[in-house]
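Under numbering that gives the first Met the number 0, read the sequence shown as residues 0 to 84, first letter to last. Ideal Cβ placement from N, Cα and C applies to all residues, glycine included.
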Amino acid sequence: MPRKIPMRKCVATQEHLPKKELLRIVRTPEGNLEVDETGRKNGHGAYLKKDIAALNLAKKNKALAKALDIEIPEEFYDKIEKALL
């Protein structure tokens, strides 16, 4: 039997995609923001499609800020962009 592929929803595009095609952004229990490359960090996570257009959309409609319930500084978007490249 083939293994089940974990699917997650992108907060910007609302697409359901395999977890491997998404980047996880985490609000840690201490309230810090981190780009979670491993997908295993402790905290509240939100998924973003690995695509600059999705990042720009998330920035425009504040999708990440809403999903993580925290204000996202501009420098953090730059950090996400570097992780996408």
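In or out: Ile79 buried (at least 16 other Cβ within 10 Å) or exposed? For the purposes of this step, residue 79 is taken as residue 80 along the sequence shown, with counting starting at 1. Classification for Ile79: buried.
Is Lys85 helix, strand or coil when you go by DSSP? The question about residue 85 has no answer here: the residues shown for the chain are numbered 0 through 84.
Quick test of your reading: Leu47 and Cys9, contact by CB under 8 Å. State the CB separation rounded to the nearest angstrom. Position 48 of the sequence shown, counted from the first residue, corresponds to residue 47. Position 10 of the sequence shown, counted from the first residue, corresponds to residue 9. Their Cβ separation, rounded to whole angstroms, is 6 Å, which keeps Leu47 and Cys9 in contact under 8 Å.
For Ala52, does the count of other Cβ atoms within 10 angstroms reach 16, so buried, or fall short, so exposed? Mapped onto the sequence shown, residue 52 falls at position 53. Per the 10 Å Cβ criterion, exposed.
Go through its chain and collect everything with a Cβ distance to Asp35's Cβ below 6 Å, but skip five positions before and after it. Position 36 of the sequence shown, counting from 1, holds the residue named residue 35. Counting only residues of its own chain and dropping the five nearest sequence neighbours on each side, Asp35 has a CB closer than 6 Å to the CB of Arg23, Val25.
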